Structures are given as structure tokens and as C-alpha cells.
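**Q** When you line the sequence shown up against this note's numbering, it's residues 3 to 330, in that order.
Ideal Cβ positions, reconstructed from N, Cα and C, are used throughout, including at glycine.
Since the model is a prediction, treat every value here as computed from it, not as a measurement.
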Amino acid sequence: MKATSKSPANIAFIKYWGKADPKTRVPQNNSISMCLSDLYSLCTVEFNSKFKKDKIEFVNERIVLNKERERIIKVLDRTRNLAGIDLRAKVLTQNNFPKATGVASSASGLSGITLAACRALDLKMKGKELSKLARLASGTASRSIPNGFVEWKKGTNENSSYAKQIFPADYWRIADVVAIVSYKMKKVSSTEGHSLANTSPFQKTRLKLLKAKVKSIKQTIKNRDFSTFGQILEKEALEMHAICLTSTPSILYWSPTTIDIMKKVQSWRNQGKLESYFTIDAGPTVHLICQQNDEKKLAVRLKKIKEIEKIVINHPGSGAREINQHLF
Ligand code: DP6
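(1) Give the secondary structure of R90 by DSSP, where H, G and I count as helix, E and B as strand, and everything else as coil.
(2) Can you give me the Cβ contacts of V216 inside the same chain, cut-off strictly under 7 Å, excluding the 5 residues immediately before and after it?
(3) Around ligand 1, which residues pass a check of Cβ closer than 5 Å to any of its heavy atoms?
(4) Quick one: measure Cβ to Cβ for P10 and C37, integer angstroms, because I've assumed they're closer than 8 Å.
(5) Excluding the 5 residues flanking T209 on each side, which residues of the same chain have their C-beta closer than 8 Å to its C-beta?
(6) Determine the DSSP secondary structure at I267, reduced to helix, strand or coil.
(7) Which stretch, first to last residue, makes up the alpha helix (DSSP H) that contains N50?
(8) From the DSSP output, which residues share a beta bridge with Q96?
(9) Do you know whose CA, among K4, V28 and T6, lies nearest T193's CA?
(10) Decide if F228 is buried, meaning its Cβ has at least 16 other Cβ atoms within 10 Å, or exposed.
(11) Within 10 angstroms of its Cβ, does V152 collect 16 or more other Cβ (buried), or is it exposed?
(12) Residue range of the beta strand (DSSP E) that K312 falls in?
(13) Considering only residues of the segment 151–237, which uninterrupted beta strand (DSSP E) runs meet the minimum length of 3 residues and lie entirely inside it, listed in chain order?
(14) Which of the three DSSP states is assigned to A284 in this structure?
(15) Is DSSP giving E277 helix, strand or coil here?
(16) Quick one: what does DSSP say V61 is sitting in, helix, strand or coil?
(17) Where do the N-terminal and C-terminal ends of the beta strand (DSSP E) with I325 fall, by residue?
(18) Please go through the same chain and pick out, in chain order, the residues whose beta-carbon is closer than 8 Å to the beta-carbon of Q96, but skip the five residues on each side of it.
(19) For F169, which residues of its own chain have a beta-carbon under 8 Å away from its beta-carbon, when the five flanking residues on both sides are left out?
(20) Note the first and the last residue of the continuous alpha helix (DSSP H) segment covering S113.
(21) Quick check on this structure: which residue in R82, I87, P258 and S278 has the alpha carbon closest to the alpha carbon of K237?
(22) Using a Cβ-based criterion (distance less than 7 Å to any ligand heavy atom), does K217 qualify as near ligand 2?
(23) Helix, strand or coil: how does DSSP classify L135 here?
(24) Within a Cβ cutoff of 8 Å, which residues of the same chain sit near I263, ignoring the five residues on either side of it in sequence?
(25) If you reduce the DSSP assignment to three classes, tell me which class N149 lands in.
(26) Can you give me the C-alpha to C-alpha distance between V302 and K126, rounded to a whole angstrom?
(27) Following the continuous alpha helix (DSSP H) through H83, name the residue where it begins and the one where it ends.
(28) Skipping 5 residues on each side, what residues in its chain have a beta carbon closer than 6 Å to that of T259?
(29) Assuming K76 contacts A139 (C-beta within less than 8 Å), just tell me the rounded distance between them.
(30) Report the residue from R71, L254, Q293 and A199 whose alpha carbon sits nearest the alpha carbon of D178.
(31) Identify, in the order they occur along the chain, each residue of the same chain with its Cβ nearer than 7 Å to the Cβ of A5, setting aside the five sequence neighbours on each side.
(32) Among R137, F204, S113 and E72, whose alpha-carbon lies nearest the alpha-carbon of S1?
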């Protein structure tokens with residue numbers, strides 16, 4: 003009873019920030035994202051009567067918090083309940099990037115664990131059922147189940163809140179050049195951040211305007227209209243961070259290097275030299291969205307910023323899938 007998954011991180015063009023129901027992770031708004039080709043988690047789960055208790059291990063991670071283990075055990079409990087069995091499990095998980103720095107590690111990690119646990123127990127769930135199950139572990143994990151460009155519809159309750167593909171990965175040749183600026187774990191987790199969103203005086207206005215924004219960005223993806231798409235996604239990132247900054251207590255996820263990159267990207271664009279747009283999740287990492295013909299040029303410029311720890315070029319990628327090579 004063993005299975006292994008490979009599951010991608012995803013980058014949100016329209017952000018999930020604020021939950022309608024924290025327990026079931028039903029969000030306050032729809033969000034739009036893209037699965038990333040080169041940032042992912044691998045995870046092997048084995049259920050076995052030999053195991054006395056659940057054992058969770060991470061490859062190459064210096065710090066593993068108790069709450070992270072507890073979150074994974076909850077995934078195991080959910081799948082055990084669905085399968086009607088009571089066996090303990092061993093879980094080994096490995097990211098090819100640092101967690102909790104603003105690359106969606108909970109998205110790739112927890113969607114991967116959900117898929118591997120289901121397959122190890124021979125649960126046949128896929129599509130929207132799998133996305134809903136992953137959502138219970140982490141909201142963004144629901145968006146790492148489908149392939150390519152994805153919309154997570156908030157729905158009206160936990161049964162109608164799941165993510166679906168809106169365009170396949172090969173629909174549009176754009177890239178996400180990720181600039182990881184720090185290997186330190188962020189101080190305020192996104193789960194905590196979500197719970198503060200409603201304390202911002204601007205959250206209500208944001209939610210009012212979001213429906214129209216989701217509609218327009220989907221149209222720009224459909225038309226492959228890069229400039230309009232980029233302007234919307236950059237403004238959207240700033241808007242999510244405006245909510246963070248004006249929450250009580252205030253959250254500032256950026257580092258000086260984050261701001262340096264934001265300014266450089268805008269100036270390269272304004273000089274008409276290189277068209278890319280930034281977006282940032284809950285951390286200092288900057289995601290630069292460009293067309294694939296510009297990705298190398300962009301990476302060369304970013305390499306000159308010595309504070310950047312790592313640059314990873316991503317294309318639109320596949321969602322979570324089962325693979326044959328187990329980690330143990
Ligand atoms: C900032 O999925 O990490 O990346 O549901 O509490 O696990 P939980 O939160 P999480 O939310 C992160 C949201 C974001 C924006 C986005 O990707 O939409």
C-alpha cells in the first residue's frame with residue numbers, strides 16, 4: 003500500500019487572500035493560477051500494519067515544525083476515513099526549492115501528499131473530488147491538482163469549492179522566472195495572514211472589485227494579450243500586499259531585495275527594453291512573468307543582482323500526478 007506523487011507549486015495571478023470558512027478553507031474569492039513546470043514536491047506514502055505510528059520525514063529540510071507534521075497527519079486521517087482503514091503510515095517528502103519563502107510549498111507538498119495517500123489506499127478520486135480534498139489541507143493545494151491554467155471557484159460551501167483547468171499548459175508560451183531572495187522561513191504563515199485579511203479596511207472594497215478582475219484576466223489569457231494580462235497581475239499582487247500591510251497587526255512580506263527587483267522590472271519595462279511583470283505571494287520571493295522569448299534575457303539581468311539566491315525558469319506545467327519511482 004505505497005504510492006508516490008510529483009506535484010507542482012503554482013503561481014497565482016489573482017490571489018486567494020482571506021477565507022470565508024477557515025475550517026474548510028472555502029475562500030472569500032475566486033483565484034486564477036498557473037502550475038509551474040520546474041518547482042515541485044515528490045512524496046511517497048506507505049500504509050503498513052508494521053508501523054506503530056505515523057512517521058513523517060522531509061528530505062533536506064533543516065526545520066520541520068510540529069504544526070507541519072500535524073497538518074500532514076490530518077491528510078492521512080482524511081484518507082484513512084475515506085478508505086475505512088486504520089493503518090499507520092510513513093511519509094517521505096522532498097521539495098526541489100526552499101519552503102515557506104513565498105514559493106507555494108504548501109500547494110505542492112500538500113496536494114502531493116493528498117494524491118499519494120489516496121493512491122496508496124487505492125482511492126480512485128480525481129478531478130474536482132481530489133481538488134476538494136487537497137483544499138482541506140491547504141487552499142492553494144486545490145489549484146495544484148489540475149494541469150496548466152487554473153481557476154479555483156470559491157463556490158458557496160465546501161462541496162462546491164474546487165479548482166478546474168481553464169486552459170491547458172500548452173495554450174500560451176509564457177514563463178515565470180522565479181527569483182528566490184532568501185532561504186529563511188517567513189515569520190507570518192499564510193494561514194495566519196488569511197485570518198487577518200478582514201482587519202484591513204480595504205478588504206471589502208477588494209472583494210467587491212474582484213469579480214470583474216477575474217473576468218478580465220481570464221479574457222486576457224484567452225486572447226493571449228500579454229501586456230493587459232501583465233498590468234492586471236502586477237496590480238493584483240500589490241493589492242494583496244496592500245491588504246497585508248493594512249491588516250492589524252500589519253504584515254510586511256518583502257525584503258529590500260524584493261523591492262529592488264520590483265523597481266528594476268518596472269524600469270526595464272518603462273524603458274521599453276524588457277517586458278515583464280512581477281507578482282509576489284506570502285514571502286520575499288519575486289515571480290517575474292514574461293513571454294518565453296524573453297526568459298533568458300530576464301534571467302541574465304537578474305543574475306547581476308547578487309542578493310538573489312536562486313533563479314528558476316518555469317513554464318506552464320502539469321498538475322499533481324502519480325509516478326513510479328518511490329523515495330523509499
Ligand atoms: C499568498 O494556501 O498557503 O499564496 O489555505 O491556509 O494553507 P492555507 O493558505 P495558503 O495561501 C497562500 C495564498 C497566497 C496567494 C495565492 O497563491 O493565491
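**A** Once the coordinates are examined:
(1) Numbered from 1 along the sequence shown, position 88 holds the residue referred to as residue 90. Three-state result, R90: strand.
(2) Against the sequence shown, residue 216 aligns to sequence position 214. I16, N32 and I34, listed in sequence order.
(3) A14, K17, Y18, R27, S33, S108, S140, G141, T142, S192, T193, D283 and A284
(4) Within the sequence shown, numbered from 1, the residue matching residue 10 stands at position 8. Within the sequence shown, numbered from 1, the residue matching residue 37 stands at position 35. The pair is a contact, with the Cβ atoms about 4 Å apart (cut-off 8 Å).
(5) Indexing the sequence shown from 1 puts residue 209 at position 207. With the sequence shown as reference, residue 209 is identified as Leu, and Thr is not the correct amino acid for it. Closer than 8 Å at the Cβ level, and outside the excluded window around L209, lie G20, Q30 and N31.
(6) The residue you call residue 267 lines up with position 265 of the sequence shown. The sequence shown places Val at residue 267, rather than the Ile named in the question. In this structure, V267 counts as helix in the three-state DSSP scheme.
(7) Walking along the sequence shown from the start, residue 50 turns up at place 48. Careful: N50 lies outside any alpha helix (DSSP H), inside the beta strand (DSSP E) at S33 to N50.
(8) Within the sequence shown, residue 96 is the residue found at index 94, counting from 1. According to DSSP, Q96 bridges with L44.
(9) For the purposes of this step, residue 193 is taken as the residue at position 191 of the sequence shown. It is V28 whose Cα lies nearest to the Cα of T193.
(10) Counted from its first residue, the sequence shown places residue 228 at position 226. So F228 counts as buried.
(11) Numbered from 1 along the sequence shown, position 150 holds the residue referred to as residue 152. Burial call: buried.
(12) Taking the sequence shown and counting its residues from 1, the one referred to as residue 312 is at position 310. Note, K312: beta strand (DSSP E), K312 to N316.
(13) 151–155, 164–169 and 176–182
(14) Here residue 284 refers to the residue found at position 282 when the sequence shown is read from its first residue. It is coil, neither helix nor strand.
(15) Here residue 277 is taken as the residue at index 275 of the sequence shown, counted from 1. DSSP places E277 in coil when its eight states are reduced to three.
(16) Indexing the sequence shown from 1 puts residue 61 at position 59. The answer is coil: DSSP assigns V61 none of H, G, I, E or B.
(17) Counted from its first residue, the sequence shown places residue 325 at position 323. Counting along the chain, the beta strand (DSSP E) containing I325 begins and ends at R323 to I325.
(18) Numbered from 1 along the sequence shown, position 94 holds the residue referred to as residue 96. So the list reads S43, L44, C45, F60, V61, N62 and L329, once near-sequence residues are dropped.
(19) Translated into the one-based positions of the sequence shown, residue 169 becomes position 167. Around F169: G150, F151, I223 and K224.
(20) To locate residue 113, count along the sequence shown from 1; it is residue 111. Start and end: S107 to A122.
(21) Position 235 of the sequence shown holds residue 237. Measuring from the Cα of K237, the nearest candidate turns out to be S278.
(22) In the structure on display, ligand 2 does not appear, and the ligands it does have are ligand 1.
(23) Translated into positions along the sequence shown, residue 135 becomes position 133. Looking at L135 - three-state DSSP - the assignment turns out to be helix.
(24) For the purposes of this step, residue 263 is identified with residue 261 of the sequence shown, where counting begins at 1. Closer than 8 Å at the Cβ level, and outside the excluded window around I263, lie A181, V183, F280, V288, L290, L304, I307 and I310.
(25) Numbered from its first residue, the sequence shown carries residue 149 at position 147. Of the three classes helix, strand and coil, the one that applies to N149 here is coil, per DSSP.
(26) For the purposes of this step, residue 302 is taken as the residue at position 300 of the sequence shown. For the purposes of this step, residue 126 is taken as the residue at position 124 of the sequence shown. Looking at the two C-alpha atoms, the distance is approximately 45 Å.
(27) Along the sequence shown, one-based indexing puts residue 83 at 81. Note that residue 83 is Asn in the sequence shown, not His. Element bounds for N83: N68 to A85.
(28) Indexing the sequence shown from 1 puts residue 259 at position 257. Counting only Cβ-Cβ distances below 6 Å, and skipping sequence neighbours, we find V183 and E309.
(29) Along the sequence shown, one-based indexing puts residue 76 at 74. Along the sequence shown, one-based indexing puts residue 139 at 137. With a Cβ gap of about 7 Å, K76 and A139 count as contacting.
(30) If you number the sequence shown from 1, residue 178 lands on position 176. Checked all of R71, L254, Q293 and A199; the closest Cα to D178 is Q293.
(31) Walking along the sequence shown from the start, residue 5 turns up at place 3. Correct list, in chain order: V47, A118, R121, A122 and E324.
(32) Here the chain has residues from 3 to 330 only, and residue 1 is not among them.
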